[in-house]
Amino acid sequence: MGLSFVWAMGQNRVIGIDNKLPWRLPSDMAYFRRVTTGKTVLMGRKTYESIGKPLPNRRNVILTRSTDFEAPGCEVIHSFDEVARLAEKEEVMVIGGAEIYKQLLPIADRLHVTEIGESFEGDAFFPVFPMEEWKVVERTKGIVDEKSIYPHEFVVYERLSKS
Numbered sequence: 294m295g296l297s298f299v300w301a302m303g304q305n306r307v308i309g310i311d312n313k314l315p316w317r318l319p320s321d322m323a324y325f326r327r328v329t330t331g332k333t334v335l336m337g338r339k340t341y342e343s344i345g346k347p348l349p350n351r352r353n354v355i356l357t358r359s360t361d362f363e364a365p366g367c368e369v370i371h372s373f374d375e376v377a378r379l380a381e382k383e384e385v386m387v388i389g390g391a392e393i394y395k396q397l398l399p400i401a402d403r404l405h406v407t408e409i410g411e412s413f414e415g416d417a418f419f420p421v422f423p424m425e426e427w428k429v430v431e432r433t434k435g436i437v438d439e440k441s442i443y444p445h446e447f448v449v450y451e452r453l454s455k456s
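All the letters of the sequence shown, read from the start, carry residue numbers 294 to 456 under our numbering.
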């Protein structure tokens, strides 16, 4: 139970450009699938629209202010209170975008981040947060090959305590 974030970012905190990822990193996509499959994923409307369909083998929940927004195969919610209620019952995996991350970071419990050892052009950034509130509980070096060309690490952080 709780609120977990899943994202990848470059050294300059870039997470997207034009509502897309600015890199191709198949090992990150595999990691994302592994940590989110079978769970509830929460995303903003723009993130959903960039994906274009519900993610398979997951409960898809979209957070939007738009009261008439509908997405076949997804649940739509409209408030952070609804997010908090969901996270009381199960682990909710927050998958973007930048504004959702920023708004929900104060109540997040766990962070799954793919830290890419490269900077990218972008228009969406992961918010800066106080690292002293978090501890690394897992760090795995990603394999660099002809398909996943950027150096990267999969890092899991847990919050030390909520204020």
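Where is the CB? At the ideal position from N, CA and C, for every residue including glycine.
These numbers come from a predicted model, not from an experiment.
For Phe-325, there is no enclosing beta strand (DSSP E); the enclosing alpha helix (DSSP H) has its first and last residue at 319-329. Close CB contacts of Glu-384 within its chain, under the 7 Å cut and outside five residues either way in sequence, are with Met-294, Gly-295, Ser-297 and Lys-332 (chain order).
Just so you know, the alpha carbons of Asp-402 and Asp-438 end up roughly 32 Å apart.
Three or more beta-carbon pairs separated by less than 8 Å link the region 305-325 to the region 414-422, which places the two stretches in contact. A buried status is given to Leu-404, since no fewer than 16 other beta-carbon atoms sit within 10 Å of its beta-carbon.
Excluding the 5 residues flanking it on each side, Thr-330 has same chain C-beta neighbours closer than 6 Å at Asn-350, in chain order. Collapsing the DSSP output to three states places Thr-333 in a strand. Nearest to Gln-396 by alpha-carbon distance, out of Ile-344, Val-328, Ile-409 and Ser-372, is Ser-372. Cβ-Cβ distances below 8 Å link Glu-368 to Arg-352, Asn-353, Val-354 and Ile-355 in the same chain, with the five nearest sequence neighbours on each side left out; the list follows chain order. Taken through DSSP and simplified to helix, strand or coil, Glu-384 comes out as strand. DSSP places Glu-408 inside the beta strand (DSSP E), whose first and last residues are 403-409. Taking the CA atoms as reference points, Met-336 sits about 5 Å from Gly-389. Separation of Val-406 and Gly-309 (C-alpha to C-alpha, rounded to the nearest whole angstrom) is 14 Å.
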